[in-house]
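Asker: Everything in the sequence shown is counted per my numbering, starting at 2 for the first residue and increasing by one. Glycine included, each C-beta is placed from N, C-alpha and C at the ideal position. Okay, handing you the structure first.
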Amino acid sequence: MHNAWNRLKMDIAKHRYLYLMALPVLAYYIIFCYLPIYGAQIAFKNFVPGLGILGSPWAGLTHFKAFFGSVYFGRILGNTLLISFYSLIFSFPMPIILALLLNEVKSKWFKSTVQTLSYLPHFISLVVVCSIIREFTASGGAINQIIRLLGGTPRTMLLVPELFRPIYIISEIWQEIGWGSIIYLAALSGIDPTYYDAAVVDGAGRWRRMWNVTLPGIMPTIVILLILRLGQVMSVGFEKIILLYSPSIYETADVISSFVYRKGLLEQGYSYSAAVGLFNSVINFVLVVTANTISRRVNETSLW
């Protein structure tokens, strides 16, 4: 133990500037991710702001039972899983496909242009993005103008329950495909060029080289990001949903995070919303551990 402490002190002295650079990140996670865990106990209490966390009376599993027995439980759980599933099926592979296609482009000018244009939507404010979506899908918007020209009937798409999920997924792909491809392009740059040379000698064409050399080369990166993505299955981003949904489409748009927002902040049901949020976090944790264990046993790639 003493030797380990001495090695740590020597390492800190040697790389002190790197540790200083890491301090803000460490402080961020401690302040905003770990310290709030203390407040999670209000999920088991009838929290009263005037009494504080410690002074509020215990309620046990009352709020969890109320949530599981709620008429909204099945709806919001189903919506959360469906949107996450569609996002995993359609959104997750898109940055991989874009990175693979860009890797085959020989023109540097064309490649850099496509990269720049695909990165831009990520840096647009989410409020602006949602405003654009609302304008485009309004009854007089660009999409409905095209539908009218094709002989269809225009309608406000965000008021149609069955259209919310496609709109959400398509806009997510548009917003994140370029940004998500960066890490795959970085992984592609780390593949040994001699593998491609050997494949060419063996007579492999472009598609065969992509399938047998490129994809296996970035597979560890894909697996790691997939594990992290599975850990967010129950955490569909509520900001975008809140900016797009309305009571008329709650049946397909309301998810756990938006439900927690309404119950916790709008209706001031702090303990109830904390119980729902804690349930959400536990499920995400179980999914990450399960996915990591399966990945480690199948292909020896894992987060830990």
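#1: Count the other C-beta atoms from every protein chain shown that fall within 10 angstroms of the C-beta of Y39, then say buried if there are 16 or more, exposed otherwise.
#2: Assign L103 to buried or exposed, taking buried as 16 or more other Cβ atoms, counted over all protein chains shown, within 10 Å of its Cβ.
#3: Can you tell me whether I97 is buried or exposed? The criterion is at least 16 other CB atoms within 10 Å of its CB, across all chains shown.
#4: When you compare the stretch 63 to 74 with the stretch 269 to 281, are there three or more beta-carbon pairs, one atom per stretch, that lie closer than 8 angstroms?
#5: Below 8 angstroms, how does it come out for the stretch 51 to 61 and the stretch 132 to 142: are there three or more Cβ pairs, yes or no?
#6: With a cut-off of 8 angstroms on the beta carbons, I'd call S172 and V130 a contact; round off their distance for me.
#7: State the Cα-Cα distance for the pair P167 and L9, rounded to the nearest angstrom.
#8: Please report the straight-line C-alpha distance between A139 and M158, rounded to a whole angstrom.
#9: Please give the ranges of any alpha helix (DSSP H) in the stretch 46 to 116, keeping only runs that are unbroken, at least 4 residues long and fully inside the region.
#10: L186 to P58, Cα distance in whole Å?
#11: Which stretch, first to last residue, makes up the alpha helix (DSSP H) that contains S1?
#12: Excluding the 5 residues flanking S236 on each side, which residues of the same chain have their C-beta closer than 7 angstroms to its C-beta?
#13: Can you list, in chain order, the residues of its chain whose CB lies under 7 angstroms from that of Q176, leaving out five sequence neighbours each side?
#14: Nearest-angstrom Cα distance between T253 and Y271?
#15: When you compare only the Cα positions, how much space is there between V214 and A292?
#16: Indicate whether V224 and L288 have their beta-carbon atoms separated by less than 8 angstroms.
Answerer: With the given structure in hand:
#1: The residue labelled residue 39 in the question sits at position 38 within the sequence shown. Exposed: under 16 other Cβ atoms inside 10 Å.
#2: Along the sequence shown, read from residue 1 onward, the residue named residue 103 stands at position 102. Buried.
#3: Indexing the sequence shown from 1 puts residue 97 at position 96. Answer is buried; the Cβ neighbour count reaches 16.
#4: yes
#5: no
#6: Start at 1 with the first residue of the sequence shown, and residue 172 comes out as number 171. Start at 1 with the first residue of the sequence shown, and residue 130 comes out as number 129. Between V130 and S172 the Cβ distance is about 7 angstroms, and since that is below 8 angstroms, they are a contact.
#7: In the sequence shown, residue 167 corresponds to position 166, counting from 1. In the sequence shown, residue 9 corresponds to position 8, counting from 1. Near 51 angstroms, if we compare the C-alpha coordinates of L9 and P167.
#8: Counted from its first residue, the sequence shown places residue 139 at position 138. Counted from its first residue, the sequence shown places residue 158 at position 157. Answer to the nearest angstrom: the Cα atoms are 6 angstroms apart.
#9: 53 to 56, 63 to 69, 74 to 87, 94 to 105
#10: Locating residue 186 in the sequence shown gives position 185, counting from the first residue. Locating residue 58 in the sequence shown gives position 57, counting from the first residue. Cα to Cα, L186 sits roughly 54 angstroms from P58.
#11: Residue 1 lies beyond the stretch modelled for the chain, which goes from 2 to 305, so this question has no answer here.
#12: The count along the sequence shown starts at 1 and reaches residue 236 at position 235. Once the five neighbours on either side are set aside, the close Cβ partners of S236 are S258, N281, N285.
#13: In the sequence shown, residue 176 corresponds to position 175, counting from 1. If we look at Q176 and ignore the five residues flanking it on each side, its Cβ neighbours are P122, H123, V130.
#14: Residue numbering aside, residue 253 sits at position 252 when the sequence shown is read from its first letter. Residue numbering aside, residue 271 sits at position 270 when the sequence shown is read from its first letter. Distance between the alpha carbons of T253 and Y271 is about 25 angstroms.
#15: Counting from 1 along the sequence shown, the entry for residue 214 is found at position 213. Counting from 1 along the sequence shown, the entry for residue 292 is found at position 291. Rounded to the nearest angstrom, the two C-alpha atoms are 25 angstroms apart.
#16: Taking the first residue of the sequence shown as 1, we reach residue 224 at position 223. Taking the first residue of the sequence shown as 1, we reach residue 288 at position 287. Not closer than 8 angstroms, so no.
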